[in-house]
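Quick notes on the structure that follows.
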Amino acid sequence: MSLPFGGGARPLWCSAGTPRPPPPSRQHCGAQAGASQRSHTTPPGPPCISRRAKMTQFLLFEAASGYALFEVTALDEIGTSVDAVQASVTDLSRFGKAVKLTAFRPFSSAANALEQINAVSESQVTEDLKNFLTSSLPKVKKASSAKFKLGVSEPKLGSAIQEETSVPCECNEFVGELIRGVRAHFTTFIRGLEEGDSARAQLGLAHSYSRAKVKFNVHKSDNMIIQAIALLDTLDKDVNTFVMRVREWYSWHFPELVKIVSDNYQYAQLALLIKDKATLGEDKLGALQEIIGDEDKAREVVEAARMSMGQDISPIDLVNIGTFAARVISLAEYRQKLATYLADKMHAVAPNLAALIGDLVGARLISHAGSLTNLAKYPASTVQILGAEKALFRALKTKGNTPKYGLIFHSSFIGRAKQRNKGRISRYLANKCSIASRIDCFLDQSTDAFGAKMKEQVEERLRFYEEGVAPRKNLACMKEVISGLAGGEEEIVLDAPVTEKKKAKKAKALAEEEEGSKKKKKRSAEEEAPVTEEKTKKKKKKASA
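In terms of my numbering, the sequence shown opens at residue 699 and continues consecutively.
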């Protein structure tokens, strides 16, 4: 008779000393197509434990005071589902019976704690962690043959541990809830560790860890560029939207002004200055000319106000229009100040990139990459299509043509190139942008000489595509920049090894040619010798005959 669970699995109550339940009853449920069906009713009993109960479970917890290893001994106390563990985590009496402390290795010092946590955050296994796991866990030759699993909080850390120690690791919601319970009751598991000590250790380590992560050069703060370009794009949209609202609102009173003045900033200033068109006369001609910058247009505005077809509006409406126009003007002025600030910041952080491709495009490249360091790590092919990810994936999905450019399309070089040369100039420009970002990221001396020279190279390449004029070589241009920065000393240092290498290559090539010619002569002499011997033998045979 087979067991109710099937597959020959041994139920939990079949262990020694546990009474066996009564056999299941059989009920006849009728017959179909001449065959009777029987159903087994399972008697009420303990719930079936999942596979986690068959395999020993360990937990690795990285505390501020050291590494701790826990063993899950009684899953029936807390349950095998995530919801059951969540409900039992807050109850120390239940959770303490299910999880036991196996080993604890405190950090030797605050510096050692910072080193270990930095390695764990980057998913690296240090020697201390490796020695702790190998000495505390059962020995394992292969991960597939292990009879236990180590629960970790990060999957990347688990894969690194498995590569280093062959210990099988797992990271899921169930393990996460168990580690959350360990974190909540950690001070009760460690003898001699009070709650205040743990809090002080966490605070000190948090300060050290954050200080190391936030440490940067004030003059190389690319985060300010990312925030500034994001705010600049937002202000452009907002100012444009608000000015269009001012145009639509004030056009009911003075519709002719829209046709005369097309600039948004000037229109808002004029709306604030004119207010009621009936009061506009020759006395305001100087103020109008100062805003517009053209005397003829200023007189045209005055004449249009006299013959305007717009309706009259109440003074309270004019007050609201003037208040809103003043707010738009203040936003536009702040936008100009922000653009100046961004230009200064780009010349301080990435001067070569700004000199090559411009402040706005360079700032957008840094913002899209996340930082100047990330942009320096990108290859030129990635920089070329940076910002066109949607078009790239759509082209790969539909097997169409991939995009030729992304954010660098806003550069003036690509706009000036002809349609057949846009792809080639974008590749060349992306290559120069990649070099400029690496120079800005890793060069200690701040200079824009490389960017200015590379801009000249892009201009020469563009002229080569259009007119066929051959551009200068990159090596000559870079030597020119270095010699200009170092006063001519660097050029000598760079030239000497190059000439020596060329001479060594030529000498080596000549020696190889001489050796080859000698070997050929020897081979030809060896091949000719047997032939002459055979001829002499044949002559001797003929003479004897």
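Every residue gets a Cβ at the ideal spot worked out from N, C-alpha and C, and that includes glycine.
For the 8 angstroms CB-CB criterion, N1072 and I1137 do not form a contact. Each of V956, L970 and L1029 was checked against the Cα of M1007, and the nearest Cα belongs to V956.
The beta carbon of T832 sits closer than 7 angstroms to the beta carbons of T863 from its chain, once the five residues preceding and following it are set aside; these are given in chain order. The beta-carbon distance between K1120 and V1156, rounded to whole angstroms, is 13 angstroms. This is too long to meet the 8 angstroms contact definition.
K847 is bridged by DSSP to Q755. With a threshold of 16 other beta carbon atoms within 10 Å, I1123 meets it and is buried.
If you draw a 10 Å sphere on the C-beta of F952, you find 16 or more other C-beta atoms in it, and that means buried.
DSSP places Y1076 in no alpha helix (DSSP H); its state is neither H nor E.
Bridge pairing for L1058: absent [DSSP]. Here DSSP, grouped into helix, strand and coil, assigns C869 to coil. Taking the Cα positions, T1038 is about 29 angstroms away from I1019.
Of the candidates G1098, G1182, A1061 and E825, the residue whose Cα lies closest to the Cα of G1085 is A1061. In the structure shown, P1013 falls within a helical segment according to DSSP collapsed to helix, strand and coil.
Boundaries of the alpha helix (DSSP H) around P853: P853 to T863. A796 is positioned such that its CB atom lies closer than 8 angstroms to that of A772.
S842 and A858 have their C-alpha atoms some 16 angstroms from each other. The three-state secondary structure of G794, taken from DSSP, is helix. Residue range N1172 to A1184 is occupied by the alpha helix (DSSP H) that includes L1173. Here W947 is not near Q1009, since their CB atoms are 8 angstroms or more apart. K973 and H1045 have their C-alpha atoms some 42 angstroms from each other. Take A899, set aside five residues on each side of it, and the residues of its chain with a beta-carbon closer than 6 angstroms to its own are A762 and S763, in chain order. Between V937 and Y965, the CB-CB gap reaches or exceeds 8 angstroms.
I1106 and Q1082 have their C-alpha atoms roughly 7 angstroms apart. Per DSSP, A1093 is one residue of the alpha helix (DSSP H) stretching across E1087 to T1096. Taking the C-beta atoms as reference points, L1058 is found no nearer than 8 angstroms to L933. In the structure shown, F805 adopts coil according to DSSP, grouped into three states.
The Cβ-Cβ distance between V1026 and F940 falls below 8 angstroms. Residue range E825 to S834 is occupied by the alpha helix (DSSP H) that includes F830.
Nearest to A1078 by alpha-carbon distance, out of L1063, T778 and K1088, is L1063. F756 places its beta carbon less than 8 angstroms from that of L835. Within the DSSP secondary-structure output, F768 pairs in a beta bridge with L757 and L799. L790 is not a Cβ neighbour of F887, given a cutoff of 8 angstroms. Here A969 is buried, its C-beta having at least 16 other C-beta atoms within 10 Å.
Nearest C-alpha to E1154 among E1178, S1144 and D895: E1178. Under the three-state reduction of DSSP output, H951 falls in the coil class, being neither helix nor strand. Measuring C-alpha to C-alpha distances from T977 to each of K1075, P1101 and P1013 identifies P1013 as the nearest.
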